[in-house]
Amino acid sequence: MKKVAIIGSPALHKNYRTALEKAPCKAVVFPDTSYIKKHPEAFDGLLLPGGGDVLSSLSGYAPFLDDPPPEKKDGSAASVPELQLTLEQLHALHLFHQMNKPIFGICKGMQLINLYFRGTIREVSHPHLHQIPEKDACHPADNEPGTLLHALFGPHMLVNSNHHQCIRTPGQNLQIIQYAPDKTPEAVSHLSAPVFGTQWHPERLPITGRQDAMLLFQYFVSLL
């Protein structure tokens, strides 16, 4: 069975593991990249999960070059645990991209993909649309023609929403493949590499009865 690595907290990412195992594949959560760096051949793909905010100054940042981490705009250091996790996730992204192995980013994971490819992020323009207080409430989104989401779900679909950051400019060789009604980018894919991401949480859509969300995980597993 194919194996996917997730960089994050094992206690927080049960939904991701469950979705991947149903796809099906084996999902293993690591807090850092120490094991993956020693055994890169052991995994067929990478999933970058949701999480805390990311620093826009990380655009193009390469932690594997041992540069000092960027600072917040006010000059203070970022939250040490969250920043360290973010750097580990960027490192994992780099390792898997160098091996041309599939990468799927969700929410924060999509933003990290965009920053890695030198894109930028911003705060959302209409928080009432993207920070819906009801658990797993959904809003409509439009899938761009000729893209993987259009092929899987058709021209329109409902997606859940729980974020206040989004893509400002897409990274190099990334295309926006889905938009919210206010034109906020909701998904991206790489033009040539097996890399894609969603701003929404497909692992949580089955909770609302949307079993078709598994199509995205099945697509990811088909790339492995």
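Quick note on this note's numbering: the sequence shown kicks off at 927 and runs consecutively.
Beta carbons: idealized from backbone N, C-alpha and C, even for Gly.
With fewer than 16 other beta carbons inside 10 angstroms of its own, Q1024 counts as exposed.
Within 10 angstroms of the beta-carbon of G1080 lie fewer than 16 other beta-carbons, which makes it exposed.
If you look at Q1144, you'll find it in the alpha helix (DSSP H) that goes M1140 to L1149. Between D979 and K929, the CB-CB gap reaches or exceeds 8 Å. Residue nearest to S960 within the set A945, G976, L938 and L1013 is L1013 (criterion: CA-CA distance).
Exposed is the label assigned to K963, since fewer than 16 other Cβ atoms lie within 10 Å of its Cβ. DSSP lists T1046 as the beta-bridge partner residues of T1095. Taking the Cα positions, I1047 is about 29 Å away from D1138.
Taking 8 Å as the cut-off, the beta carbon of N1086 is found no closer than this to the beta carbon of L1141.
DSSP places N941 inside the alpha helix (DSSP H), whose first and last residues are K940 to K948. The three-state reading of DSSP puts P1111 in strand, counting E and B together.
Within the same chain, P1066, A1067, D1068 and N1069 come within 8 Å of H1082 by CB-CB distance, once the 5 residues on both sides are set aside. Taking the Cβ atoms as the reference, I1032 lies roughly 23 Å from P1071, outside the contact range of under 8 Å.
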